[in-house]
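Counting from 1 along the first sequence, just add 18 to a position and that's the residue number in the working numbering.
Okay, so here's the structure we're looking at.
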Amino acid sequence: MGDTFARIYEVVRRIPVGYVATYGQVAALAGNRRWARVVGYALHANPDPHGIPCYRVVSRDGKLAPAFAFGGEERQRALLEADGVAFRADGSVDLAHCQWDGF
DNA sequence: GGCGTGACTTATA
DNA sequence: ATATAAGCCACGC
């Protein structure tokens, strides 16, 4: 696989329990902020769902991926709630409180 | 090597 | 506030 995917996966692995990160944020931490789309592509490939918590990556508005491969948004929301992530009334993640700092 | 595609983002109307 | 346009990069054919 290319280095880009490897870096992206590396960043996603660093997301601590109870926090989430946006695609753009992951792209920026991976080295290039314009990889936002590539991040989505990489997570879609998701070669190691056991080590890569792709459910901790959400859109800029805290919206979840509609095409989540492991059971849809319901499943993703359940996993995030299990990690202690706070949700808003509309079902989106409360980024103000749960967005990963990047450390 | 070119072309189309996508789990995105930002800008503009 | 929502809708539409453009930019951006890696991957597969």
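Virtual Cβ for every residue (Gly too), placed ideally from N, Cα, C.
Counting only residues of its own chain and dropping the five nearest sequence neighbours on each side, His62 has a CB closer than 8 Å to the CB of Ala85 and Ala87. Assigned with DSSP and collapsed to three states, Phe121 falls in coil, not helix or strand. Here the alpha carbons of His68 and Pro34 stand approximately 15 Å from one another.
DSSP, reduced to helix, strand and coil, places Ala24 within a helical segment of the structure shown.
In the DSSP annotation of this structure, Gly69 is not part of any alpha helix (DSSP H), being labelled neither H nor E.
Just so you know, the alpha carbons of Asp101 and Gly20 end up roughly 30 Å apart. Rounded to whole angstroms, the Cβ separation of Ala46 and Ile26 is 11 Å, and the two are not in contact under 8 Å. Residues Gly69, Ile70 and Pro71 of the same chain have their beta carbon placed closer than 8 Å to that of Arg31, with the five preceding and five following residues left out of the count.
In this structure, Arg78 sits away from Thr22, with a CB-CB distance that is not shorter than 7 Å.
Looking only at Glu91, Glu28 and Val75, the smallest Cα-Cα distance to Arg55 is reached by Val75. Under the DSSP assignment, Leu82 falls outside any alpha helix (DSSP H); it carries neither an H nor an E label.
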